[in-house]
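Below is one structure, written out as structure tokens; the observations come after it.
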Amino acid sequence: MPARWTKLSRKRGHVAEPSDIEIASCFNATFARSHHTVLVGGVLAPYYLPAAAPHRSIIRYRENFAASALHEAAHWCMAGQHRLRQRDFGYWYIPSPRSEEESAAFLAAECPVQALEQIFAEAAGLPFRVSLDDLGLELSSRRQEFAAEVQARARTWRDHGLPRRAQGFVHSLTGRFGGRSDLQAGEHDVDEAILRT
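Pasting the structure below:
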């Protein structure tokens, strides 16, 4: 659906949620030239492949899921320069089931990413749901605790500003899809030190 139609339908009270392709198109219009990075769907497992000059970096999100597109964009928007030069930002994915220690480390790393994903979802007018990426935890009280942690981190982003790339993407999403845009601009790229706060 063209962006113009999406905006018109929102004004008339009918909200058409943007597709993964529309979100990827918005991301690519924002970053393909300036940051030589594109967002593309259609894979079973998401990954990030840094560019080897003169090519573009590629962020691949899962299948045709808009939430996956926003989530992978959040990872990229938070990555510092060191992580942007590494495949999958230098992280090693441990599938579930995870040990208690592995789950705690995973959730600590995921909290700021999912908080930023929530802000992107609001900007695009999409619903957001936290993910623990572990069926055992999804059904536990840990889900509510994690959701509260994500909400608190999203409030921190809103109150103290977003990383520059994230702010640029929020601006593009709200401009195209008409979602929430009451955020402060940050003056930093997020790196591992900031993620620990």
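Quick note: the sequence shown uses the working numbering, first residue 1339, plus one each step.
Think of the CB as a built atom: it goes at the ideal place given N, C-alpha and C, for glycine as much as any other residue.
As the structure is a computational prediction, the values presented were derived from the model and not from experiment.
Requested in this report: Use the C-beta contact count for Asp-1358: other C-beta atoms within 10 angstroms, 16 or more gives buried, fewer gives exposed.
Outcome: With 16 or more other Cβ atoms within 10 Å, it is buried.
Query raised in the report: Taking the continuous alpha helix (DSSP H) assigned at Gly-1513, which residues delimit it?
Result: First-last of the alpha helix (DSSP H) with Gly-1513: 1502-1515.
Report task. Measure from the alpha carbon of Val-1376 to the alpha carbon of each residue in Ile-1397, Ala-1389, Leu-1382, Pro-1392, then state which is nearest. Result -> For the options Ile-1397, Ala-1389, Leu-1382, Pro-1392, the alpha carbon positioned closest to that of Val-1376 is the one of Ile-1397.
Requested in this report: Would you decide whether Ser-1441 is buried or exposed? Buried here means 16 or more other CB atoms lie within 10 Å of its CB.
Outcome: A residue is called buried when at least 16 other Cβ atoms come within 10 angstroms of its Cβ; Ser-1441 meets this threshold and is buried.
**Report entry** Classification of Ala-1459 by the beta-carbon crowding that lies within 10 angstroms, buried from 16 upward
**Finding:** Its Cβ being crowded by 16 or more others within 10 Å, Ala-1459 is buried.
Query raised in the report: Should Ala-1461 be flagged as near chain D, meaning a C-beta pair shorter than 8 Å?
Result: Any reference to chain D falls outside this structure, which holds one protein chain only.
Requested in this report: With DSSP collapsed to three states, give me the class of Arg-1371.
Outcome: Note: Arg-1371 maps to coil in three-state DSSP.
Query raised in the report: Which word fits Ile-1361, buried or exposed, when buried means at least 16 other C-beta atoms lie within 10 angstroms of its C-beta?
Result: Buried, since its Cβ has 16 or more Cβ neighbours within 10 Å.
Query - Residues of its chain near Phe-1403, where Cβ-Cβ distance is below 8 Å and the 5 sequence neighbours each way are ignored - result: Asp-1358, Gly-1379.
Query raised in the report: What whole-angstrom Cβ distance do Ala-1453 and Val-1488 have, given they're in contact under 8 Å?
Result: Going by Cβ atoms, the distance from Ala-1453 to Val-1488 rounds to 5 Å, so yes, they are a contact pair.
**Report entry** Straight-line gap, Phe-1484 to Leu-1470 (C-alpha atoms, nearest Å)
**Finding:** Each residue's alpha carbon lies about 8 Å from the other.
Query raised in the report: How would you write the range of the beta strand (DSSP E) that Leu-1464 sits in, first residue to last?
Result: Leu-1464 -> no beta strand (DSSP E), and no H or E assigned at all.
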